[in-house]
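There are 2 protein chains.
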Amino acid sequence: MKIAEATVARLVLYHRLLAKLHAEGQKVVSSQEMGKLLSLKASQVRKDLSYFGEIGKRGVGYHVAKLYEHLDDILSPPQKWRMGLVGVGHLGSALLGYKAFDTKKYGIEILFDNDLEKVGNEIFGIPCYHIDHACRIINENNIDVIILTVPSNAAQDCVDSIVKCNGLKGILNFSPTSIIVPEDILVYNVDISVELEKLLFYVKQIM
Amino acid sequence: MKIAEATVARLVLYHRLLAKLHAEGQKVVSSQEMGKLLSLKASQVRKDLSYFGEIGKRGVGYHVAKLYEHLDDILSPPQKWRMGLVGVGHLGSALLGYKAFDTKKYGIEILFDNDLEKVGNEIFGIPCYHIDHACRIINENNIDVIILTVPSNAAQDCVDSIVKCNGLKGILNFSPTSIIVPEDILVYNVDISVELEKLLFYVKQIM
């Protein structure tokens, strides 16, 4: 089952919206309403949800709690994902302070840096180790996923040292550069300057 | 000319790669080589570039400097984009310290916050104003684009106060929530937790 990235992203948005509606006590929701709240077409919402076996009742909509639980099953991990963060600079610190990154589903357990003022200390209550010991620490802590927030010129070196670790499954790469990994490790890139340039490209088109 | 978002994102990556190859003194590059360096198929590279009128020479490739200049023309703004950042918290500060956000093409000129310890001061050398004065300051400073890095629960209120400003063209939204804007303003969302959940979804699939 290979599902398109954009579909997964929308699934996450539906899940988040349903959690909010459920908390507000709403019992049913239509595809129109979901679409409006998420700036999506109602037909897109129906198509996505029917793909995962959910068919709303015509003229009524979807049962909020039931749909939420269904999406929660799809998105929930087999156990809480254990993450490590490499590079405790500006962006790394921002992610550490970002509440959405510490949930029942995943949390940052360990940090790596090469700055000796950070190594050996706790930052936001999380222990920081030297990147040279990454493999041992990743193995010992059963880390599933690494969040990479190092400068471009350090990214591939860091990646080369962590991809050898047993059990590592994925990397979320915030460095504004492409990284090369073995086939069995998944990589997603969050390239903030690409997102900005995309917006600016379209802004230029409408001027 | 409505070009798909994914195509624009790849265009930004080609442009960045060509700048690097050019700086390294490389004269020609094949679609195979570009594809390999960016983890894309060579056929995708050729298709994208031919759409913008660039046809490589069979068995030779593309002229690095010429292709770079062509993409630079497409991506360059009519003048340097002037940006404002709303919400100087962890993530906002990270973006301010992010070198890729201050180039010849765009830069952050003003900041907004509601924290009276920040308002009236310069942060990273950039003046910070109270969000209540956003419209006047945005107008006076000819701001084109706003980068929104406020908590979810403050996002729509901030948006409502800035979308009334003359001349504002786009918003890059980092708040993990959907925002509603008038039709003439473009919005791009960079939702870091959605990116993380996408990665985790696929990691779960391969376990």
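Order-wise, the sequence lines are chains R and E.
Add 9 to the 1-based position in the first sequence for this note's numbering, that's all there is to it.
Add 9 to the 1-based position in the second sequence for this note's numbering, that's all there is to it.
Idealized CB from N, CA, C, for every residue including glycine.
This one's a predicted model, so the numbers in the text were calculated from it and none came from an experiment.
- Straight-line spacing of the CA atoms in residue 189 of chain R and residue 118 of chain R works out to 24 Å.
- Residue 52 of chain R counts as exposed, since fewer than 16 other C-beta atoms from the protein chains shown sit within 10 angstroms of its C-beta.
- Proximity of chain E to residue 87 of chain R at the Cβ level (cut-off 9 Å) is accounted for by 213, 216, in chain order.
- Assignment of beta-bridge partners to residue 122 of chain R by DSSP yields R/139.
- Neighbourhood of residue 206 of chain R in chain E, by CB distance below 7 Å: 21, 84, in chain order.
- Residue 153 of chain E is a Cβ neighbour of residue 91 of chain E, given a cutoff of 9 Å.
- Using a 10 angstroms sphere on the CB of residue 207 of chain E, the tally of other CB atoms reaches 16 or more, which defines it as buried.
- The distance from the Cβ of residue 167 of chain E to that of residue 140 of chain E is about 6 Å, consistent with a contact at the 8 Å cut-off.
- Take the alpha-carbon of residue 89 of chain E and the one of residue 115 of chain E: they are about 5 Å apart.
- At a cut-off of 9 Å between beta-carbon atoms, residue 154 of chain R makes contact with chain E.
- The contact set of residue 107 of chain R on chain E, defined by CB atoms closer than 9 Å, consists of 99, 100, 185, 201, 202 in chain order.
- Secondary structure of residue 67 of chain E (DSSP, three-state): coil.
- With 16 or more other CB atoms across the displayed protein chains lying within 10 angstroms of its CB, residue 185 of chain E is buried.
- For a Cβ distance threshold of 7 Å, residue set 208, 212 of chain R lies close to residue 179 of chain E, ordered along the chain.
- DSSP places residue 156 of chain E within a strand segment (E or B) once states are collapsed to three.
- Counted as a single uninterrupted DSSP element, the stretch harbouring residue 43 of chain E is not any beta strand (DSSP E) but the alpha helix (DSSP H) occupying residues 40 to 47.
- Under DSSP, the beta-bridge partners assigned to residue 131 of chain E are E/136.
- Contact check for residue 105 of chain E against residue 95 of chain E fails: the beta carbons are separated by 9 Å or more.
- Looking only at E/74, E/192, E/125, E/62, the smallest Cα-Cα distance to residue 28 of chain E is reached by E/74.
- In the three-state reduction of the DSSP assignment, residue 182 of chain R falls in the strand class.
- A residue is called buried once 16 or more other Cβ atoms fall within 10 Å of its Cβ, and residue 198 of chain R is buried on that count.
- Close to residue 14 of chain E, with beta-carbon spacing below 8 Å, are these residues of chain R in chain order: 207.
- Under the criterion of beta carbons closer than 8 Å, residue 196 of chain E and residue 171 of chain E do not qualify as touching, at roughly 12 Å.
- In terms of beta-carbon proximity, residue 115 of chain R lines the interface with chain E, with at least one pair separated by less than 9 Å.
- Residue 17 of chain E has its alpha-carbon roughly 10 Å from the corresponding atom of residue 23 of chain E.
- Contact with chain E is found for residue 25 of chain R, since one of that chain's Cβ atoms lies less than 9 Å from the residue's Cβ.
- Here residue 66 of chain R is exposed: its Cβ has fewer than 16 other Cβ atoms, across all protein chains shown, within 10 Å.
- Neighbours of residue 17 of chain E across chain R, judged by C-beta separation under 8 Å: 206, 207, 210, 211.
- In the DSSP assignment, residue 198 of chain E forms a beta bridge with E/182.
- For residue 116 of chain E, the three-state secondary structure derived from DSSP is strand.
- Taken in chain order, the members of the stretch 25 to 58 of chain E whose beta-carbon sits within less than 7 Å of a beta-carbon on chain R are 46, 47, 48.
- Its Cα nearest to that of residue 164 of chain E, the residue E/183 stands out among E/80, E/183, E/175, E/193.
- In this structure, R/25 is the residue among R/14, R/64, R/25 with its C-alpha nearest to the C-alpha of residue 46 of chain R.
- Per DSSP, residue 94 of chain E is one residue of the beta strand (DSSP E) stretching across 90 to 95.
- Looking at E/211, E/204, E/214, E/176, the one whose alpha-carbon comes closest to that of residue 216 of chain R is E/176.
- Listed along the chain, the chain R residues whose CB falls inside 9 Å of the CB of residue 197 of chain E are 204, 205, 207, 208, 211.
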